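I have placed the structure first, in the form of structure tokens, so that the comments after it can refer back to it.
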Amino acid sequence: MIAKMKCSNCGAEMSNLNMSWGKKQLWIILPIMLLGFLPMVKLFWFKGEATRDLVISDVQKRTVGDTLEIVGLVTNKGKHKFSSVTIEVEFFDPAGVFIDEQNEYMRSHIVGGAKEHFKISVKSPPAQVNSADSKMVVKVASGMSMPF
359 MIAKMKCSNC GAEMSNLNMS WGKKQLWIIL PIMLLGFLPM VKLFWFKGEA TRDLVISDVQ
419 KRTVGDTLEI VGLVTNKGKH KFSSVTIEVE FFDPAGVFID EQNEYMRSHI VGGAKEHFKI
479 SVKSPPAQVN SADSKMVVKV ASGMSMPF
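Here it is as structure tokens:
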């Protein structure tokens, strides 16, 4: 027995039924499907790097009571917006031996080309940190890029 279908409009019997996409439909559907992957591509490949794009400058060290304060300026040299930026200060003695570290989380967003001030407070720092010949390295430890 051969299965046959009837046309719902004219009632004619059809013995062959072709259910394939034409070439024109494929060229319309394929770009639409690829557009769905664009946000994922931007999340993983076209995001900024916080340690490369964010630059620290104008760093100053001052003592307020028994607290050591490090203040400075973060500049976003890239075009991406960053949030959850962590600034880290490492202290070394004159011989280059590590003494202590402190970090501070910035709650503000830093858009491309913007500048943002920061302050890191170290309460009751060791005496070696306050000495005049100790070295201090301030850097961006991490940050989240916002590609959208």
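Residue numbers (the numbering used here): 359 to 506.
Heads up, the beta-carbon is just placed ideally off N, CA and C, and yes, glycines get one too.
From a predicted model like this one, the values you see are computed outputs, not experimental measurements.
Using DSSP with H/G/I as helix, E/B as strand and the rest coil, what is Lys435? Stepping through the sequence shown from its first residue, residue 435 is reached at position 77. Assigned with DSSP and collapsed to three states, Lys435 falls in coil, not helix or strand.
Rounded to the nearest angstrom, what separates Phe476 and Val498 at their Cα positions? Residue numbering aside, residue 476 sits at position 118 when the sequence shown is read from its first letter. Residue numbering aside, residue 498 sits at position 140 when the sequence shown is read from its first letter. Val498 has its alpha-carbon roughly 11 Å from the corresponding atom of Phe476.
Buried versus exposed, by CB contacts within 10 Å (16 or more), Met391: Reading the sequence shown from its first residue, position 33 is the one you call residue 391. Around the beta carbon of Met391, a 10 Å sphere encloses fewer than 16 other beta carbons of the protein chains shown; the residue is thus reported as exposed.
Local conformation of Val480 per DSSP, three classes: Within the sequence shown, numbered from 1, the residue matching residue 480 stands at position 122. DSSP places Val480 in strand when its eight states are reduced to three.
Could you work out which residue in Thr444, Met494 and Gly470 is closest to Trp420 when comparing CA atoms only? Position 62 of the sequence shown, counted from the first residue, corresponds to residue 420. It is Arg, not Trp, that sits at residue 420 in the sequence shown. Nearest C-alpha to Arg420: Met494.
Specify the secondary structure class of Asp416 as computed by DSSP and reduced to three states. Counted from its first residue, the sequence shown places residue 416 at position 58. DSSP, reduced to helix, strand and coil, places Asp416 within a strand of the structure shown.
Just to confirm my understanding: we take Ile457, look at its own chain, exclude 5 residues before and 5 after, and list those with CB closer than 8 Å. What are they? Here the question's residue 457 lines up with position 99 in the sequence shown. For Ile457, where only same-chain residues beyond five positions count, the Cβ hits under 8 Å are Phe449, Phe450, Asp451, Pro484, Gln486, Val487 and Ser492.
Per DSSP, which one or two residues make a beta bridge with Gly430? Translated into the one-based positions of the sequence shown, residue 430 becomes position 72. Answer is Phe476, bridged to Gly430.
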